[in-house]
Amino acid sequence: MRLEGKTAIITGAGAGIGEATAMRFAEEGAKLVLADLNLAGVEGVAERIVSQGGAAVAIAADISKEEDAKRISDTAVERFGAIDIVVNNAADFTTFSVEDATPQHWQRVLGVNVIGTAMVSKFAIPHIKARGRGSIVNIASMSGIIAQPNFATYNSSKGAVLTMTRCMAMDLAPFNIRVNSICPGCIYTTATEREWTRMGETKEQWSARQAPLHMLNRVGEAREVANAVLFLASDESSFITAAELLVDGGYCNK
Ligand SMILES: NC(=O)c1ccc[n+]([C@@H]2O[C@H](COP(=O)([O-])OP(=O)(O)OC[C@H]3O[C@@H](n4cnc5c(N)ncnc54)[C@H](O)[C@@H]3O)[C@@H](O)[C@H]2O)c1
């Protein structure tokens, strides 16, 4: 098992890519601290893992709040005695053009996606340093690379996550801590379900529009992203840091 003996924090683990990552990490033997705004959702994921013989604790947290970000690491150390891996996955999906966005929209999306990612990492880093090695995986997006109509707020936040990842990788390399980001394309999750509902479309209608934008001519599954997170979290990627891994079915290069 690739994560035997490792403790991992996963934010936004109550649904979508975070949930799939939690299930994938549990299969590989990790002890898990699963944080989400939605306590019921993340408790359900933790209960499934425990019922299958794994180790997981669920905690309610809003990563944009400093005290909640600290509580995630405190819980990991109290419960499992260490932190080896952080997956910064939780995100806010506020999407507006610059013309339409208010300061509150910007504060929300940057507060969660950029500052929240930074705060969760900040409180975990001293504990990872104490282990002598570790891995941080930031879930960015293809939206951090490309332009999309009326997405300036969200895309700017994901661009910042990509830059922050490279800076973290440089600062933490002396401590044998690798930091990488993943850029998913369109993936079926609760977030994309909200998107097709907002557009007044069915899943099939939305998929028919999105699929051809990807070279592979389909939308991705959360587990396909989770497999990439597992690779970057595990020792199989031991010489990879400051990388941006596209898991986008070829979207960005089409
Ligand atoms: N689904 C896609 O097509 C897609 C594409 C590119 C990137 N991503 C990225 O993947 C990640 C996961 O997205 P998803 O599609 O699984 O989303 P999702 O909405 O299905 O799940 C996100 C989870 O994060 C939680 N969350 C939101 N804000 C939070 C906060 N402030 N504190 C703690 N938890 C919070 C939600 O409650 C939810 O359970 C995000 O970083 C997103 O930007 C998704």
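Just so you know, we're using numbering that gives the first Met the number 0 here: the sequence shown kicks off at 0 and counts up by one. In this text, a Cβ means the ideal position worked out from N, Cα and C, and glycines have one as well.
Of the other Cβ atoms in all chains shown, 16 or more fall within 10 Å of the Cβ of A75; this residue is therefore buried. With contacts defined by Cβ atoms closer than 7 Å, D170 and R130 do not form a contacting pair. Put simply, the backbone Cα of A225 is about 24 Å away from that of T94. Secondary structure of P102 (DSSP, three-state): helix. The beta carbon of V228 sits closer than 7 Å to those of T20, V86, V136 and I181, all from its chain and outside the five residues before and after it, given in chain order. DSSP places C166 inside the alpha helix (DSSP H), whose first and last residues are A151 to L171. Under the criterion of beta carbons closer than 8 Å, T201 and W195 qualify as touching, at roughly 7 Å. Beta-carbon to beta-carbon, S206 and V218 are separated by about 5 Å, close enough to satisfy the 8 Å threshold. Ranked by Cα distance from H104, the first of E220, D91 and E223 is D91. Assignment of K30 by DSSP, reduced to helix, strand and coil, places it in the strand class. Separation of the CB atoms of M214 and G249 is rounded to 3 Å, and the pair is thereby assigned contact status at 8 Å.
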